[in-house]
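Enquirer: Can you keep this structure in mind? I'll have questions shortly.
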Amino acid sequence: MNPIRESDLMMTRRQLFGRAALGLGTAALANVLGPDLLAKGQAPGTHFAPKAKRVIYLFMSGGPSHHDLWDYKPKMREMFGKDLPGHVRDGQRITGMTSRQKTLPVCPSKYTFTKHENNDRGLWVSELLPHTAKVAKELAVVYSTFTEAINHDPAITYIQTGSQIPGRPSLGAWLSYGLGRVNENLPGYVVMHARSKFPEQSLFGRLWGTGFMPSDHQGVLLRSEGDAVLYLKNPAGVSSKDRRAQLDTLAALNQQQYEEFADPEILARIKQHELAYRMQTSVPELMDLSGESDATFELYGEEARQAGSFAACCLNARRLAERGVRNIQIFHRGWDAHGGLPREHESQCKDIDQGCYALIKDLKQRGMLDETLVVWGGEFGRTSYCQGKLTKDNYGRDHHPRCFTTWMAGGGIKPGITYG
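Spelled out as structure tokens, the structure:
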């Protein structure tokens with residue numbers, strides 16, 4: 008043993024025997040499973056060629072009401088104010104916010120739905136989404152999405168990572184880890200937070216984090232105010248040449264640490280420093296919208312000129328997709344309408360409606376939609392009964408994990424259909 012190697016000295020006797028036992032166990036398992044693994048051979052591929060090269064995920068944090076946007080239930084109007092029959096809920100868990108209500112009055116949507124032509128049985132869309140309705144033929148709308156979590160944080164964590172327990176890698180991190188980056192000057196996974204008037208629910212970095220995987224695959228947050236990415240600009244008096252020399256020295260020191268400890272996070276740190284250096288030129292070019300045409304801003308709406316708006320984020324998502332970023336996520340908060348749902352959802356829909364429509368239209372016009380999977384949805388839906396006082400013009404809805412609506416477009420998804 009080399010006494011200079013601190014990492015060897017840090018290994019206890021128990022650790023040494025433990026690692027030896029793991030090695031013997033692995034060898035034995037390989038001997039037992041070897042014939043079976045060889046017999047299975049390579050798994051057969053799918054019967055269709057994959058098309059999606061990138062994902063744009065439009066996440067509506069808080070739980071939008073499918074009853075008021077997508078899931079048309081005219082029969083509910085006949086049941087206005089009546090107590091929800093017990094067999095409908097069938098013992099499903101409800102939150103503490105409505106569990107003590109004396110009644111659970113059925114609450115139909117106050118909004119008018121219109122049936123739009125698609126490639127299936129037609130698509131009913133609320134008057135709150137007039138722009139999105141124009142691309143009905145591009146949408147695959149799933150009415151029967153469901154989840155196990157009934158509260159926001161575990162539900163959002165589950166949707167983003169596949170587990171209610173924090174610490175798992177996010178979807179975008181897995182894509183980055185499995186597929187790598189196309190553009191070495193930009194991250195493989197970019198996250199944006201769109202501005203909202205009702206930003207109640209907190210969003211944590213672990214939702215776009217890497218969990219137990221190397222941290223260079225985590226999402227990079229593009230900020231809407233100030234510098235798009237923090238600390239990209241060199242401090243006063245530091246030139247690009249100075250910065251390059253600093254990074255080279257730092258990389259050499261980090262490499263020494265890696266050779267000593269073999270910690271993969273050290274390599275991730277080196278990669279992130281190099282990416283940040285290249286982003287000093289790629290990000291300002293990305294965020295400069297001066298080259299976009301008037302027709303583009305007419306498509307996305309004037310709000311696209313305002314940094315941080317949902318429309319601006321959608322426009323930036325298209326620009327990121329053009330530049331080879333594989334996974335792009337936009338979070339829009341404020342959909343948790345326990346009371347005053349009409350006022351809140353009208354504002355929320357005004358934020359996102361034209362941006363969703365424009366993004367799909369723009370990708371289609373540029374020949375990118377077939378290779379770009381666009382996903383829209385939240386962490387759960389809202390109840391068919393009212394939380395609090397019910398009137399014809401005002402109501403609230405509680406969390407409902409057992410059914411909500413998600414739509415997808417592009418990326419090989421069959422367009423213009425409804426499911427569930």
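Each residue of the sequence shown is one higher than the one before, counting from 8 in this note's numbering.
Glycine is no exception: its CB is placed at the ideal position from the N, C-alpha and C atoms.
In this text the structure is predicted, and so the values were computed from the model without any measurement.
(1) Where lysine 141 and glycine 417 are concerned, what is the direct C-alpha to C-alpha distance, given to the nearest angstrom?
(2) Tell me which same chain residues have a C-beta within less than 7 Å of the C-beta of methionine 415, skipping the five on either side of it?
(3) In the DSSP assignment, find the unbroken alpha helix (DSSP H) run with lysine 122 in it and report its ends.
(4) Start and end of the beta strand (DSSP E) containing histidine 480?
(5) Indicate whether glycine 346 and glycine 395 have their beta-carbon atoms separated by less than 8 Å.
(6) In chain order, which alpha helix (DSSP H) runs of at least 4 residues are fully inside the region 237-301?
(7) For phenylalanine 24, which three-state DSSP category applies?
(8) Comparing C-alpha positions only, which one of Thr102, Ala143, Pro115 and Gln372 sits nearest to threonine 425?
(9) What did DSSP end up calling alanine 416 once you bin it into helix, strand or coil?
(10) Residues bridged to threonine 168 by DSSP?
(11) How many Å lie between phenylalanine 153 and valine 290 at the Cα?
(12) Can we say the region 157-173 touches the region 206-214, given the rule of at least three CB pairs closer than 8 Å?
(13) Taking all protein chains shown into account, do 16 or more other C-beta atoms lie within 10 angstroms of the C-beta of threonine 110, making it buried, or fewer, making it exposed?
(14) Do arginine 325 and leucine 370 have their C-beta atoms closer together than 8 Å?
(15) Buried or exposed: glutamine 361, going by 16 or more other Cβ atoms within 10 Å of its Cβ?
(16) On the three-state DSSP scale, how would you describe cysteine 393?
(17) Between Trp77, Ser222 and Thr105, which lies nearest to glutamate 134 when the distance is taken from Cα to Cα?
(18) For lysine 204 and lysine 399, what's the separation of their Cα atoms in angstroms?
(19) Inspect the beta-carbon positions of alanine 252 and histidine 224 and report whether they are closer than 8 Å.
(20) Can you tell me which of Ala59, Cys114 and Arg96 puts its alpha carbon nearest to the alpha carbon of lysine 3?
(21) Give me, in chain order, the residues of the same chain whose beta-carbon lies closer than 6 Å to that of threonine 390; leave out the 5 immediate sequence neighbours on both sides.
(22) For glutamine 264, collect the residues of the same chain with a Cβ closer than 8 Å to its Cβ; drop the 5 residues on either side in sequence, then sort them by chain order.
(23) Locate the alpha helix (DSSP H) running through tryptophan 181, then write down its first and last residues.
(24) Compute the distance between the beta-carbons of serine 116 and histidine 74, then report whether it is under 8 Å.
(25) Over the uninterrupted alpha helix (DSSP H) stretch that includes tyrosine 150, give me the two end residues.
(26) Can you tell me which of the three DSSP states aspartate 127 falls into?
(27) Run the CB neighbour count on phenylalanine 55, radius 10 Å, all protein chains shown included, and call it buried at 16 or more, exposed below.
(28) Put arginine 409 into one of helix, strand or coil per three-state DSSP.
(29) With distances taken Cα to Cα, identify the nearest neighbour of asparagine 241 among Asp255, Ser177, Ala283 and Glu191.
(30) Output the distance between the C-alpha atoms of aspartate 249 and glycine 69, rounded to the nearest integer angstrom.
(31) Leaving aside the five residues before and after isoleucine 101 along the sequence, list all residues of the same chain whose C-beta is less than 6 Å from its C-beta, in chain order.
(32) Note the first and the last residue of the continuous alpha helix (DSSP H) segment covering arginine 350.
(33) With distances taken Cα to Cα, identify the nearest neighbour of methionine 104 among Thr413, Tyr392, Gly423 and Gly419.
(34) Does the Cβ of alanine 243 have 16 or more other Cβ atoms within 10 Å, making it buried, or fewer, making it exposed?
(35) Which of helix, strand or coil does DSSP assign to phenylalanine 317?
Expert: Result, derived from the coordinates:
(1) Rounded to the nearest whole angstrom, the C-alpha separation of lysine 141 and glycine 417 is 15 Å.
(2) Ala147, Leu380, Val381 and Val382
(3) Run containing lysine 122: none in the alpha helix (DSSP H); it sits in the beta strand (DSSP E), 120-123.
(4) What the structure shows of the chain is the stretch from 8 to 427, and residue 480 is not part of that stretch, so it cannot be assessed.
(5) yes
(6) Whole alpha helix (DSSP H) segments, 4+ residues: 247-268 and 271-294.
(7) helix
(8) Shortest Cα-Cα distance from threonine 425 to any of Thr102, Ala143, Pro115 and Gln372 involves Ala143.
(9) strand
(10) In the DSSP output, where bridge partners are listed per residue, threonine 168 has none listed.
(11) 37 Å
(12) yes
(13) Answer is exposed; the Cβ neighbour count stays below 16.
(14) Yes. Within cutoff.
(15) buried
(16) Strand at cysteine 393.
(17) Trp77
(18) 24 Å
(19) no
(20) No answer is possible for residue 3: it lies beyond the span of the chain, which begins at 8 and ends at 427.
(21) Arg404, Asp405 and His407
(22) Only Asp270 and Ile273 meet the Cβ criterion.
(23) 178-186
(24) Cβ atoms of serine 116 and histidine 74: closer than 8 Å.
(25) Segment 146-152 is the beta strand (DSSP E) holding tyrosine 150; no alpha helix (DSSP H) there.
(26) coil
(27) exposed
(28) Three-state DSSP puts arginine 409 in coil, outside helix and strand.
(29) Ala283
(30) 45 Å
(31) No residues qualify anywhere along the chain.
(32) Segment 348-372, the alpha helix (DSSP H) holding arginine 350.
(33) The residue among Thr413, Tyr392, Gly423 and Gly419 with its C-alpha nearest the C-alpha of methionine 104 is Tyr392.
(34) Alanine 243 comes out exposed.
(35) helix
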